[in-house]
Amino acid sequence: MPELPEVETVRRALERTIKGRSIESVAVFHPRMIQGDLEHFRNLVEGRRIERLSRRGKYLLFILGEVAMLSHLRMEGKYYLKPAGTPPEKHEHVVFTFTDGWALHYHDVRKFGTFEAVPMHSLEDVPALKKLGPEPAELDLRDDVTEIFRGERPIKAILLDQTRLAGIGNIYADEILHCARIHPERPGRTLGVRLRRRVIDCAQRILAAAVQAGGSSVRSYRNTLGEDGRFERSLRVHTHEGKPCPDCQSTIRKAQISGRGTYYCPTCQRRKKG
DNA sequence: GACGCTGTTCTATT
DNA sequence: GAATAGAACAGCGT
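Counting the first sequence from 1 gives a position; the numbering used here is that position plus 1055.
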């Protein structure tokens, strides 16, 4: 589920539903999801009020006054709000019980998700956040983005690299490259100034539209708090192997690029020029 | 039953 | 460095 638009959708849902609640206790059933010492984590988080929800790249930030709790959903993390005392289901690994009779359950079939709590004043120094590249939405099309696209790696790998741009994952990388009409294996370095701008422009437009639609729910997953993303209907190449390209009717191909399943149109996204 | 996928990212190896 | 393979884990389809 979660790339930037999905994480942003979760952030908004949590902001609507749990902002202002106070965390009475935290139950952790799978300690390795917590970065650092578990007791330290609980000491930092318990008793604090959720003042607001923020996001950086694919990280959710629970702002608890003087403490920030980072939550990364990785592949399949989801949140559900339930009455306090509801027994955790099989794949629910962390439960935040609030003082008002409700609880937030973290559900993650593959247990890849992570949590980390840090004092607010050291948030800037958290390595996970420090390494992240800029938010695509914050770039100006007039900015010099040459650095982002440097190197010989395929442009697809560059878009997936969170230190270059934050928040893009496998679905949106494919959609952005189709929008920009660039072959996913083309080395980043070979993009001229016009193509670099086109990639940023496509990234901003596609991510914004996906946020508007509440993200995508590819496969049969539902989004947090029971909300369904609608953007998967707008996907033009991702998961569309064998189907006609909406622009030129050529058959969409699937290839393995940088170790990831990659969908593209062989006609719109030629290797040579863009 | 085995194998090869899956929206992520970190670590070890080449 | 930089690119790639493997690992963390569970489920689903072939």
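Every residue gets a Cβ at the ideal spot worked out from N, C-alpha and C, and that includes glycine. Model, not experiment: these values are computed from the prediction.
Taking Cβ to Cβ, would you say residue i is nearer than 8 Å to residue j?
i	j	result
Leu1220	Ile1203	yes
Tyr1134	Val1065	yes
Leu1262	Leu1059	yes
Leu1099	Ala1172	yes
Met1088	Val1122	no
Ile1040	Val1200	Given a span of 1056 to 1329 for the chain in the structure shown, any question on residue 1040 remains unanswerable.
Ala1264	Tyr1227	no
Ala1139	Phe1117	no
Ala1268	Gly1247	no
Leu1136	Leu1115	no
Gly1091	Glu1106	no
His1293	Asp1195	no
Ser1305	Thr1322	yes
His1162	Glu1179	no
Phe1170	Met1130	no
Arg1104	Ser1077	yes
Lys1113	Pro1182	no
Just reading off the beta strand (DSSP E) that residue i is part of, what are its end residues?
i	result
Val1149	1147 to 1153
Lys1133	1133 to 1138
The alpha helix (DSSP H) spanning residue i covers which residue range?
i	result
Thr1201	Careful: Thr1201 lies outside any alpha helix (DSSP H) and carries neither H nor E.
Val1248	1248 to 1267
Lys1211	1210 to 1215
Lys1185	1182 to 1185
Based on DSSP bridge pairs, tell me the residues matched to residue i.
i	result
Lys1309	Tyr1318
Tyr1114	Arg1111, His1127
Glu1171	Leu1125
Val1083	Val1149
Ile1089	Phe1170
Ile1223	None; Ile1223 has no bridge partner.
Ile1078	Phe1153
His1160	Tyr1135, Val1150
Leu1119	Val1122
Pro1299	Thr1306
Arg1104	Ser1077
Pro1242	Pro1209
Sufficient close CB pairs (3 or more, under 8 Å) joining the stretch 1210 to 1227 to the stretch 1186 to 1199: yes
Cβ pair count under 8 Å reaching 3, the stretch 1310 to 1322 against the stretch 1232 to 1247: yes
Three CB pairs or more closer than 8 Å across the stretch 1078 to 1086 and the stretch 1140 to 1151: yes
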